[in-house]
Amino acid sequence: MNYSEAKLGRVFTISLEHGEIIHEALEQLAKTDGINSGVLVLLEGLDNGSTLVVGPEDGQVRPYSGPQECSNVSDNAGEILRASAIEKGED
Numbered sequence: 024m025n026y027s028e029a030k031l032g033r034v035f036t037i038s039l040e041h042g043e044i045i046h047e048a049l050e051q052l053a054k055t056d057g058i059n060s061g062v063l064v065l066l067e068g069l070d071n072g073s074t075l076v077v078g079p080e081d082g083q084v085r086p087y088s089g090p091q092e093c094s095n096v097s098d099n100a101g102e103i104l105r106a107s108a109i110e111k112g113e114d
């Protein structure tokens, strides 16, 4: 097993407005505040007819084929809790 220890640094609490694009808002925050890497914990609200972007169904990496419908969002709004990591790219 390989592991490393990290210390908690800056913490940001972000609330997006209706219609804001998640990845665009997070990329702007990272640029504005000089964030090179981090961990995201997101609580997302879904409304009727929402489209949720997910990874490939079979777990195999391949070119992105577009958004996948979140079929369990029908008559009631829903929420999703997820975690992700970010790292500064070349651009």
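If you read the sequence shown in our numbering, its first letter stands for residue 24, the second for the next number, and so on.
Just so you know, even glycine gets a beta-carbon here, dropped at the ideal spot from N, CA and C.
Values in this document were obtained by computation on a predicted structure and should not be read as measured data.
Under the rule that 16 or more other beta-carbon atoms within 10 Å means buried, what is residue i, buried or exposed?
i          : result
residue 31 : exposed
residue 65 : exposed
residue 49 : buried
So, with DSSP's three-state summary, where would you put residue i?
i           : result
residue 113 : coil
residue 39  : coil
residue 65  : strand
residue 31  : coil
Are the CB atoms of residue j and residue i within a distance shorter than 7 angstroms?
i          : j          : result
residue 63 : residue 27 : no
Over what stretch of residues does the alpha helix (DSSP H) that includes residue i continue unbroken?
i          : result
residue 45 : 45-56
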